[in-house]
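Input: a single structure, listed below in structure tokens.
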Amino acid sequence: MAFGPHLLLATLEGLVTSAVLALMALGLSLVFGVMRVVNVAHGEFFMLGAVLAWAVTATLGGNPAIGFLAALVISPLIVGAVALLAEQLVLKRLNYNPEATIVATIGLLYIIQQLALTFYGPDARPVAAPFNYRISLPWFGYSGYKLSIIGASAILLIATWFVLTRTRIGLVMRATQYDSETAQAFGIPVERVYAGVFALGAMLAAVAAVLIVPISQAHYLMGLDPLLLSFIVVIIGGLGSLRGTVVAALLIGVSDGVISVFFSPTLAKIIATLVVAMVLVFRPQGLFGTARR
Amino acid sequence: MRHDGFKPAALHVAVIALLFALNFMLPDYHHGLLARIMVLAVFAMGYNLLFGYVGLLSLGHAMFFSAGLYGSGLAIYHLGWSVPAAFGAGLVSGAALSLVIGLLALRTTGVAFMIVTMMFAQVFYLSILYFAQWTGGDQGLVLQQSQRLIEVGGVTLDLTEPVTRYMAALGLFSVVLVATLFIARSAFGRVLVAIRENEERTKMLGYDTFANKLAAVVASGVICAASGAAYALLFGYVGSTLASVQYSILPLLWVLLGGAATTLGPLVGTVFMYYVIDVTSGYTSAYMLVVGIALILLVLYFPKGVLGTIRDRWVRWLP
Amino acid sequence: MMPLLTTKGLGKSYGGLKAVDGVDFSLMPGEIRAIIGPNGAGKTTFVSLVCGRVHPSAGMIVFDGEDITSMPPHQRVRHGIAYTFQITSVFANLTAYDNVALPVQRTLQGGHGHKAVHAGVMEALARTGLAGREDVLAGHLSYGHQRLLEVAMGLALKPRLLILDEPTQGLSDGEIDGFITLVREIAGSATVLLIEHNMQVVMKLADRITVMNGGTILAEGTPEQISANADVQHAYLGTPADE
Amino acid sequence: MSSFIRKSITRRTALKGFGAAAGLVAGPGFVRYSQAQSSEPIRIGFQAHRTGIGASYGRWYERTTNAAVKAINAAGGINGRQVEIIVEDDGTDPGRGAEVVGKFANQHKVDVAFGTLFSHVVIGSAPAAGENKLPYYVVSEGHHVASTKLNRYVFQPGITDVKSQIQAMAPWIASNAGKKVTQIFPDFAFGYDHRDYLPPALKAQGADVIAQIAIPPTESSFTKYFPQIPADTDVIYHVMVGPAVLTFVKELGEFYGSNRPQLFGFIDSLEAVDVNSPGLEFLEGSHFWEGSPRYAQPDDSDAQKAYRAAVGIDDNGASVDDPKDISTAAHMFGCWETLYVIKKAMEDSGYQGRDDAAKLVEATEALTEFAEGPEHPQGPKIFNGKIHQCFGIQNISKLEGGRLNVVHKTSIEDGMYEPEGDYTTQPL
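Protein chains in written order, with this note's numbering: chain A, 1 to 293; chain B, 294 to 612; chain C, 613 to 855; chain D, 856 to 1283.
This is how it looks when you write it as structure tokens:
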């Protein structure tokens, strides 16, 4: 294939990766920014979202579009409820101590993974896309559904941005993020904000999973790689910065696609990882964060 | 930690003596398992030096472990080096890698440090796959029994023989344990703790905190590499799984369970995790569930790990 | 005699705000110098520049004849500049003993032995009146004792220049008297640069006083000269200073 | 250190002493005890991938194993003793795998270990098997056993290794699918066997590999690699494994649409996956290697039918209890056949207990061929005792009308190659 189309394809692929990554990383970033909690189980919320999407569509049967839309609503709600439960039972009692929450969420990771293995099984299972439309370009064909993921993600991101910056809920969250003690003093129910943020973060991961599952199947071990990538995005983007998270997701997603044009795949991964690591080393506050101390 | 060093010293001698005595008492399976646990406890102790004492949470220590693993393993497999030379190669690999990683990663702090170390470890892991021609990729390499013999003045030590292996593991464990105790009680150890507590203040006492942290990263890296090298030599397998991210998280878990910044915590944590998995996997294949719940309960009720809690509540002198 | 510390045109600005602006300052060996001035006068920023916690935007710093402008803070400490923090920042989770052992073990030449460290620590604790409290976690000490521990740590560095940032803040009257005695004693072996709001302490201790306002030096002189200075009266002493 | 060695000798000699005493007791005059011992079950340690990436396979390996043991026991067991399976999960992790083998040898005191699939677990566990002198029969299809890089206690008598499979595929590909082949394979060892052995095998048949595309193991989307497929490719030879494989096929479909090159794949990609899953329509008409056919074939032998019934799979290769639960039919027969090889070798050597491990190894090495039949339902096999590896026939199936129909069976000779070493020269 000629260079131009190849690059176009790689960019499209990168954009799809970015779209999903941005949603997932945003969830992690919110939890991280507002609660200062490193949620290692975030990838498992993602996995749970995908598995539930399969369960919903398999139960409903019938038209894939209806099943998919139902999954898009039901799956994040259940995942959010699970997250809320975990928050109330565990994280809250740990006073959100950073180290303790890392261990606790690793424990959560094991539990969710094992439950998925026991009740869902070890196989990768597909979910039908709500529509199948292949866009025929002169050089190659491309999935219309994949392009729609980019659109859906953009809409969700804008909605989140709106909530964060233009609503009272967003204001309360930002106040808590800025200084939780002062927020508490001003009568903001910090504990409820934390619970809400943790659930919301998990729901964003679940939404990302439902969007991706028609193109990548549900599997009980699918959470780890997106988790690692999201961590990277969150750090590169700068803590709690929505714009930074989106730009970093674009950077990581697209560079992953484009670098693969020039190098053998594994070498491409090595180079991409190394480049991002070096960015962090020489700009540890992230691309958009301001130096914090 | 200025009072008489007798009790801690006696405790450590007693632990080593107990492990020595267990050689003659344990049934074969537990004997073999304990040898493995001691080697991995060394990994945990190396991790603890950085995480427990300096407060630097790395998510990439699998790369230091694997530097030792591959450094010694490849030296034997491709170059036919002797066991001691290969062990040395493992240590040198660990030292070199940790020096480079330390110089880069220590420019960052906090969460960025976690992520940077994790990414460097990922690069290391992918490189093992990329150079599969030499490393055996994900399948890894097997070191033959004949390659794992030490000739010492006419006597041949066979590292595949259970007791020799146990004693070699115990030897390494003891050396590192004593070294950790020594470091923890040394002037250097006091500086490391001060950096963990307040790095700015430590600088204002005239300490080059970067140099001290770098020294700690290298010391930690070398200890982890020693564990990796011993793993290759004693158990004969060198593979990329041991460089994957799980193996960076494991020492963190072991240390947190046993008690960060306690000298014996890494051993306690490693033994605990191993036996929880070993025992529960005998009853249910859902042992990950048990491990997960155990982790959460521990962190809820023993937040400072087993020995950390004991030190806080009962035994103040515990090092 | 050559000054121990000189600054030339020293400045620091944050954004547009000039916290310290073109300060020329010099300090003779053996002096006890107090810096006074209203809140926000740039006193703490100025001493932070001297000890290296803050990088200057302009000017240079010379210590004992050597340009230390770009020297990292820990090196300056090693050259003999010690700083005790305005906000108490002892290591709360370490014992008083360990707090003092940190500076002691670094300044010991050659002998890093436990005995030498022990002797040094006990001496520093005794000098600051903290003997017998060595096993207490620093965070469990009373506030006044924490301030003294801070001074003990500074002392243990065996500095040639000891910078004390509001050392008597929060101390009781009895503790302040003891403190004055201590600083006089310290001055026997080190130059002391003192930021202080308590004018009684300043008047009792200082050989000379520098008055800062708005990031610049307003006046400098003996306590008597400063008391008599009209500008100072207007800028500082004139306003009721009842903090 | 020297005192350690002396102690170590005492420990060993002490243990040996116990063994000798037991032997004396079990000698003539103590018939009752001896009988008691020989009526104890033969214990086989099954190293299972119950968790981790291999769990899909592990489940079916376990079912096949249980079915085979049931059949063996119903027919009187081995040497008149019943067979007992002890399962340990290795988490599909080589480190844990080695521990599990140690546990089998020393804790469970099994007679042999058996059943491992994933190559890295086999390689990681092999040293532990050798050091414990525990015969270790794997069902992995990797070339690692035949490469003679492991040790004398490791065998693969139930399934043909990948090198041989690939070699056997080459003539059919060259003459039926096309001469210009592009390979897509995972960038890890399983893929490397294909990378290394296919080009020479095709060359010998007058065809060429014109591009090799290695996909990193962590990859979850593939479209970006497809432009590297040369336009003049006749055949895409694909071997993907792991959960992302459906994505791979789907994206290939979206990329090419209806205008695609020939496709030839190893069913490893789709083991435990329904070929009628959404998105796989694209594979219709393409060909697959199968070790043992997933779908019942018209010419199935009685042995094959009996085997399928015993394991509990229907004509579509799915569980009889759940038609959506697809088996790993192309590989799991290896468990069945391996257990019968163990039985044969134990009977040949008059195996009594762990002390006979060496005899068991030699008896296994002495085997040369296995006839098709109830014990070997997949087909006849030749066994090379020097490299501990068997060689069997391979199937090429075409995916048509939503099922896989066998269109070609290779001969055993198609897959034979020169041995790379000789385990029998190693000490026991």
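No residue lacks a Cβ here, since even glycine has one placed at the ideal position from N, Cα and C.
These numbers come from a predicted model, not from an experiment.
_Sequence-distant residues of the same chain with beta carbon closer than 6 Å to Ile897/D, five excluded per side_ = Position 42 of the fourth sequence, counted from the start, is the residue given in the question as residue 897/D. These residues qualify, in order along the chain: Ile933, Arg936, Val938 and Asp966.
*What span of residues does the beta strand (DSSP E) with Gly1286/D cover, start to end?*
Nothing about residue 1286/D can be reported from this structure: the residues present for chain D run from 856 to 1283 only.
*Pick out whichever of Ala128/A, Phe140/A, Val261/A and Thr118/A has its Cα sitting closest to the Cα of Thr59/A.*
What you label residue 59/A is simply residue 59 of the first sequence in a count that begins at 1. Per the Cα distances, Ala128/A.
_List, in chain order, every chain A residue whose beta-carbon is nearer than 7 Å to that of Ser894/D._
As a first step, residue 894/D is located in the fourth sequence; it is residue number 39 there, counting from the start. Those do not exist, as Ser894/D stays about 37 Å from chain A at its closest Cβ, beyond 7 Å.
*Quick one: using the 10 Å Cβ neighbour count with 16 as the cut-off for buried, is Lys1198/D buried or exposed?*
Along the fourth sequence, read from residue 1 onward, the residue named residue 1198/D stands at position 343. Burial call: buried.
*asked:* Helix, strand or coil, according to DSSP, for Pro1041/D in the structure here?
replied: Your numbering for residue 1041/D matches position 186 in the fourth sequence. Pro1041/D falls in the strand class under three-state DSSP.
*At a CB-CB cut-off below 9 Å, which residues of chain B make contact with Gly27/A?*
Position 27 of the first sequence holds residue 27/A. Going along chain B, no residue has its Cβ under 9 Å from Gly27/A, so there is no contact; the nearest lies around 16 Å.
*Looking at the C-beta of Gln415/B, does it have a partner C-beta in chain A at a distance below 8 Å?*
By 1-based counting over the second sequence, the position of residue 415/B is 122. Yes - at least one Cβ of chain A is within 8 Å of the one on Gln415/B.
*What are the start and end residues of the beta strand (DSSP E) that includes His1142/D?*
As a first step, residue 1142/D must be located in the fourth sequence, where it is residue number 287. Looking at the DSSP string, the run of the beta strand (DSSP E) that includes His1142/D is His1142 to Glu1145.
*Just confirm the distance between the C-beta atoms of Asp1170/D and Thr1003/D, as a whole number of angstroms; I'd bet it's less than 8 Å.*
Looking up residue 1170/D in the fourth sequence gives position 315. Looking up residue 1003/D in the fourth sequence gives position 148. That pair is no contact at about 40 Å.
*Would you mind stating whether Arg588/C and His757/C have Cβ atoms separated by less than 8 Å?*
Residue 588/C is absent from the structure shown; chain C starts at 613 and stops at 855.
_Own chain partners of Val1000/D with C-beta closer than 8 Å, once the 5 adjacent residues on each side are dropped_ = By one-based count along the fourth sequence, residue 1000/D stands at place 145. The residues are Val977, Val993, Val1009, Phe1010, Gln1011, Asp1016, Ile1242, His1243 and Gln1244.
*With 8 Å as the C-beta to C-beta threshold (strictly closer), list the residues of the stretch 1035-1050 of chain D near chain A in chain order.*
Asp1042
*asked:* For Gly677/C, count the other beta carbons within 10 Å of its own beta carbon; 16 or more makes it buried, fewer makes it exposed. Which is it?
replied: Here residue 677/C is taken as the residue at index 65 of the third sequence, counted from 1. Gly677/C is exposed by the Cβ-count criterion.
*Would you call Arg1163/D buried or exposed, if buried means 16 or more other Cβ atoms sit within 10 Å of its Cβ?*
Residue 1163/D sits at position 308 when you count from the first residue of the fourth sequence. With 16 or more other Cβ atoms within 10 Å, it is buried.
*Interface positions of the stretch 486-501 of chain B facing chain C (Cβ-Cβ less than 8 Å), listed along the chain*: Val486, Ala487, Glu490, Asn491, Glu493, Arg494, Thr495, Lys496, Met497, Leu498, Gly499, Tyr500 and Asp501
*Which one of Glu1192/D, Glu1074/D and Leu1222/D has the shortest CA to CA distance from Asp1203/D?*
The sequence position of residue 1203/D within the fourth sequence is 348, counting from 1. Comparing Cα positions, the closest option is Leu1222/D.
*Any C-beta of chain D sitting closer than 8 Å to the C-beta of Asp179/A?*
Taking the first residue of the first sequence as position 1, residue 179/A is located at position 179. Chain D, which has no Cβ nearer than 8 Å to the Cβ of Asp179/A, makes this no.
*Determine, using beta-carbon pairs with one atom in the stretch 595-610 of chain B and one in the stretch 620-635 of chain C, whether at least three such pairs fall under 8 Å.*
no
_Residues from the stretch 647-673 of chain C in contact with chain B, defined by Cβ distance under 9 Å_ = Cys663, Gly664 and Arg665
*Segment limits, beta strand (DSSP E) that includes Lys1236/D*: Translated into positions along the fourth sequence, residue 1236/D becomes position 381. Counting along the chain, the beta strand (DSSP E) containing Lys1236/D begins and ends at Lys1236 to Asn1239.
*For the alpha helix (DSSP H) containing Ile150/A, list its first residue and its last residue.*
Residue mapping note: residue 150/A aligns to position 150 of the first sequence, counting from 1. Gly144 to Arg166 is the extent of the alpha helix (DSSP H) around Ile150/A.
_Residues near Tyr194/A in its chain [Cβ-Cβ closer than 6 Å; skip 5 each side]_ = For the purposes of this step, residue 194/A is taken as residue 194 along the first sequence, with counting starting at 1. Excluding positions up to five away in sequence, the list reads Met35.
*Can you give the beta carbon distance from Tyr912/D to Glu1126/D, rounded, assuming they're within the 8 Å contact cut?*
Walking along the fourth sequence from the start, residue 912/D turns up at place 57. Walking along the fourth sequence from the start, residue 1126/D turns up at place 271. Tyr912/D to Glu1126/D, Cβ: 7 Å. Contact.
*Pull up the CB-CB distance for Gln1060/D and Val1090/D, whole angstroms please, since I reckon it's below 8 Å.*
As a position in the fourth sequence, residue 1060/D is number 205, starting the count at 1. As a position in the fourth sequence, residue 1090/D is number 235, starting the count at 1. Actually they do not touch by this definition, with Cβ atoms about 12 Å apart.
*asked:* For a test of the three-state rule: what should DSSP assign to Gly1247/D, helix, strand or coil?
replied: The residue given as residue 1247/D occupies position 392 in the fourth sequence. Three-state result, Gly1247/D: strand.
_Please state the DSSP three-state secondary structure of Gln177/A._
Locating residue 177/A in the first sequence gives position 177, where the first residue counts as 1. It is helical.
*Pick out the complete alpha helix (DSSP H) segments inside the stretch 539-598 of chain B, 4 residues or longer, and give them in chain order.*
539-551, 558-576 and 580-594
*Consult DSSP for His1263/D and reduce its assignment to one of helix, strand or coil.*
Taking the first residue of the fourth sequence as position 1, residue 1263/D is located at position 408. Three-state DSSP puts His1263/D in a strand.
*Simplified DSSP state of Ala128/A, which is helix, strand or coil*: Residue numbering aside, residue 128/A sits at position 128 when the first sequence is read from its first letter. The answer is coil: DSSP assigns Ala128/A none of H, G, I, E or B.
*Hey, would you say Phe1143/D sits closer than 8 Å to Ser1252/D, going by beta carbons?*
For this step, residue 1143/D is matched to residue 288 along the fourth sequence. For this step, residue 1252/D is matched to residue 397 along the fourth sequence. Yes, the Cβ-Cβ distance between Phe1143/D and Ser1252/D is below 8 Å.
*Could you give the uninterrupted runs of the alpha helix (DSSP H) lying entirely in the stretch 403-474 of chain B, keeping only those of 4 residues or more?*
403-423 and 425-428
*Determine, using beta carbons only, whether Ala277/A and Val531/B come nearer to each other than 8 Å.*
To locate residue 277/A, count along the first sequence from 1; it is residue 277. To locate residue 531/B, count along the second sequence from 1; it is residue 238. No, Cβ-Cβ distance for Ala277/A and Val531/B is not below 8 Å.
*Backbone secondary structure at Phe198/A - three-state DSSP*: The residue you call residue 198/A lines up with position 198 of the first sequence. Here Phe198/A sits in helix by DSSP.
*Would you report the Cα separation of Leu1283/D and Thr1219/D, rounded to the nearest angstrom?*
Walking along the fourth sequence from the start, residue 1283/D turns up at place 428. Walking along the fourth sequence from the start, residue 1219/D turns up at place 364. Those two C-alpha atoms are separated by around 13 Å.
_Quick check: the stretch 299-319 of chain B against the stretch 484-503 of chain B, are at least 3 beta-carbon pairs closer than 8 Å?_
no
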